[in-house]
Amino acid sequence: MDLFDEILKQASSNTRSASKEIRKIDEARQRNQKCVNERLAAERKEAKATKHTAVPEKPKFVIPKKKTNEEPSVDKNKIALFLKKQEEEKQRALIEKRKQKEQLIKLRLQSYGGKFGSTPIELQQKYASNQQHEEYLKKQQMREEVCFF
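The numbers in UniProt numbering rise by one with no breaks, and the one at position 64 of the sequence shown is 64.
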């Protein structure tokens, strides 16, 4: 039995030394894991801090207040001159337009021999196909010519 007891003692001491080594390895692993977790937590905090500082708040809109003691930056005389020039240009454009209309009217009167437009008979011949009405208009024109002479 001596041999058996010795083998048991040896096995017991081997298990104790192996368990000590396992404990040491386990503690080293736990320390390493703790360091990694702390580093990750610190990185998350930094990321959150930079995220909040990276997006600044939008400035709230504030209606600017009018300053009463400041003079306007644009001279009133210049504005008046500009408006006066604009008005003169409008007047010139109107006068030019009227002159063109009068010239056009004169040219039309010259081309139609003093009459502004076509006679009713010419219009009837050109645009309508009613012969009876055309004859009626001719008779009416003859009566008017007789009355004038």
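Heads up, the beta-carbon is just placed ideally off N, CA and C, and yes, glycines get one too.
Only a predicted model underlies this, so the values are computations on that prediction, with no experimental measurement involved.
Check, Outcome
"So, helix, strand or coil for V146, using DSSP?", "helix"
"Counting along the chain, where does the alpha helix (DSSP H) carrying K90 start and finish?", "76 to 111"
"Measure the alpha-carbon distance for K48 versus C35 and round it to whole angstroms.", "20 Å"
"Pull up the distance between the alpha-carbon of R44 and that of K51, whole angstroms please.", "10 Å"
"Taking a contact to mean a Cβ-Cβ separation below 7 Å, would you say I121 touches L137 in this structure?", "yes"
"Name the two residues that bound the continuous alpha helix (DSSP H) containing P59.", "Here P59 belongs to no alpha helix (DSSP H), and DSSP marks it neither H nor E."
"Applying the 10 Å Cβ sphere with the 16-neighbour rule, what's the burial state of Q141?", "exposed"
"So, under 8 Å CB-CB, E134 and Q125 are touching, yes? Tell me the CB distance rounded to an integer number of Å.", "6 Å"
"In whole angstroms, what separates the C-alpha of N32 from that of I25?", "10 Å"
"How is K67 classed by DSSP in three states: helix, strand or coil?", "coil"
"Could you check what DSSP says for A41 in three-state terms: helix, strand or coil?", "helix"
"Can you look up A128 in the DSSP assignment and give me helix, strand or coil?", "coil"
"Under a three-way DSSP split, which group does T119 fall into?", "coil"
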